[in-house]
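Using our numbering, the letters of the sequence shown map in sequence onto residues 35 to 126.
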Amino acid sequence: HALSQPLTGAVFDILVDVFHESLVARGLISPEAENLADLAEIDPAAELPIQEVFDRDFARNPEGFVEALLDARDIVGTYLAETLWALAPDFL
(Lines of atoms letter the chains of each structure in order from A and count residues from 1; the text may use other names and numbers.)
(Lines give C-alpha, C1' and ligand atoms only; values in the text may rest on other atoms or scores of the structure.)
Protein backbone atom coordinates (compact mmCIF):
# COMPACT_ATOMS: atom_id res chain seq x y z
CA HIS A 1 0.00 0.00 0.00
CA ALA A 2 2.70 2.50 0.96
CA LEU A 3 4.52 1.89 -2.31
CA SER A 4 1.45 2.89 -4.31
CA GLN A 5 0.93 6.24 -2.58
CA PRO A 6 3.28 8.28 -4.80
CA LEU A 7 1.53 7.00 -7.94
CA THR A 8 -2.01 7.45 -6.63
CA GLY A 9 -1.10 10.90 -5.32
CA ALA A 10 0.32 11.87 -8.70
CA VAL A 11 -2.76 10.58 -10.54
CA PHE A 12 -5.01 12.56 -8.19
CA ASP A 13 -2.94 15.73 -8.71
CA ILE A 14 -3.21 15.29 -12.48
CA LEU A 15 -6.96 14.71 -12.21
CA VAL A 16 -7.38 17.93 -10.22
CA ASP A 17 -5.27 19.90 -12.69
CA VAL A 18 -7.22 18.59 -15.70
CA PHE A 19 -10.46 19.37 -13.84
CA HIS A 20 -9.35 22.94 -13.13
CA GLU A 21 -8.26 23.48 -16.74
CA SER A 22 -11.63 22.16 -17.91
CA LEU A 23 -13.40 24.59 -15.59
CA VAL A 24 -11.39 27.47 -17.05
CA ALA A 25 -12.03 26.32 -20.63
CA ARG A 26 -15.78 26.21 -19.92
CA GLY A 27 -15.72 29.68 -18.34
CA LEU A 28 -16.82 28.27 -14.98
CA ILE A 29 -13.82 29.68 -13.11
CA SER A 30 -11.41 32.41 -14.09
CA PRO A 31 -7.75 31.79 -14.95
CA GLU A 32 -6.94 33.80 -11.82
CA ALA A 33 -8.97 31.37 -9.71
CA GLU A 34 -7.10 28.46 -11.26
CA ASN A 35 -3.79 30.15 -10.43
CA LEU A 36 -4.96 30.73 -6.86
CA ALA A 37 -5.89 27.04 -6.62
CA ASP A 38 -2.35 26.15 -7.68
CA LEU A 39 -0.97 28.54 -5.05
CA ALA A 40 -3.16 26.92 -2.37
CA GLU A 41 -1.23 23.68 -2.89
CA ILE A 42 1.85 25.31 -1.36
CA ASP A 43 0.43 28.23 0.64
CA PRO A 44 -2.22 27.40 3.25
CA ALA A 45 -3.20 31.09 3.42
CA ALA A 46 -4.70 30.75 -0.08
CA GLU A 47 -6.99 27.85 0.89
CA LEU A 48 -9.86 29.88 2.34
CA PRO A 49 -9.99 32.46 -0.48
CA ILE A 50 -9.97 29.79 -3.20
CA GLN A 51 -12.63 27.76 -1.36
CA GLU A 52 -14.85 30.85 -1.31
CA VAL A 53 -14.30 31.37 -5.05
CA PHE A 54 -15.08 27.74 -5.85
CA ASP A 55 -18.17 27.77 -3.61
CA ARG A 56 -19.49 30.87 -5.39
CA ASP A 57 -18.70 29.62 -8.89
CA PHE A 58 -20.07 26.14 -8.20
CA ALA A 59 -23.36 27.61 -6.97
CA ARG A 60 -23.74 29.38 -10.32
CA ASN A 61 -23.48 26.20 -12.39
CA PRO A 62 -23.17 22.93 -10.47
CA GLU A 63 -24.00 20.86 -13.56
CA GLY A 64 -21.08 22.43 -15.40
CA PHE A 65 -18.74 21.45 -12.58
CA VAL A 66 -20.03 17.87 -12.71
CA GLU A 67 -19.51 17.73 -16.49
CA ALA A 68 -15.98 19.12 -16.12
CA LEU A 69 -15.18 16.52 -13.47
CA LEU A 70 -16.58 13.69 -15.59
CA ASP A 71 -14.49 14.86 -18.55
CA ALA A 72 -11.38 15.04 -16.36
CA ARG A 73 -12.10 11.53 -15.07
CA ASP A 74 -12.41 10.20 -18.61
CA ILE A 75 -9.25 11.93 -19.83
CA VAL A 76 -7.08 10.79 -16.93
CA GLY A 77 -8.59 7.30 -16.98
CA THR A 78 -7.88 6.93 -20.69
CA TYR A 79 -4.28 8.07 -20.32
CA LEU A 80 -3.75 5.81 -17.33
CA ALA A 81 -5.20 2.80 -19.16
CA GLU A 82 -3.09 3.49 -22.24
CA THR A 83 0.01 3.80 -20.07
CA LEU A 84 -0.66 0.53 -18.27
CA TRP A 85 -1.19 -1.32 -21.56
CA ALA A 86 2.12 0.06 -22.83
CA LEU A 87 4.13 -1.26 -19.86
CA ALA A 88 6.35 -4.20 -20.61
CA PRO A 89 5.81 -6.96 -18.03
CA ASP A 90 9.55 -7.59 -17.87
CA PHE A 91 10.15 -4.26 -16.13
CA LEU A 92 7.45 -4.31 -13.44
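All residues carry an ideal CB built from backbone N, CA and C; glycine is no exception.
These numbers come from a predicted model, not from an experiment.
Counting C-beta pairs closer than 8 Å gives fewer than three between the segment 92-99 and the segment 72-79, which falls short of the contact rule. In the three-state reduction of the DSSP assignment, residue 38 falls in the helix class, which pools H, G and I. Secondary structure of residue 76 (DSSP, three-state): coil. Distance from the CA atom of residue 102 to the CA atom of residue 47, rounded to whole angstroms, is 15 Å. Assigned with DSSP and collapsed to three states, residue 122 falls in coil, not helix or strand. Rounded to the nearest whole angstrom, the C-alpha separation of residue 36 and residue 87 is 34 Å.
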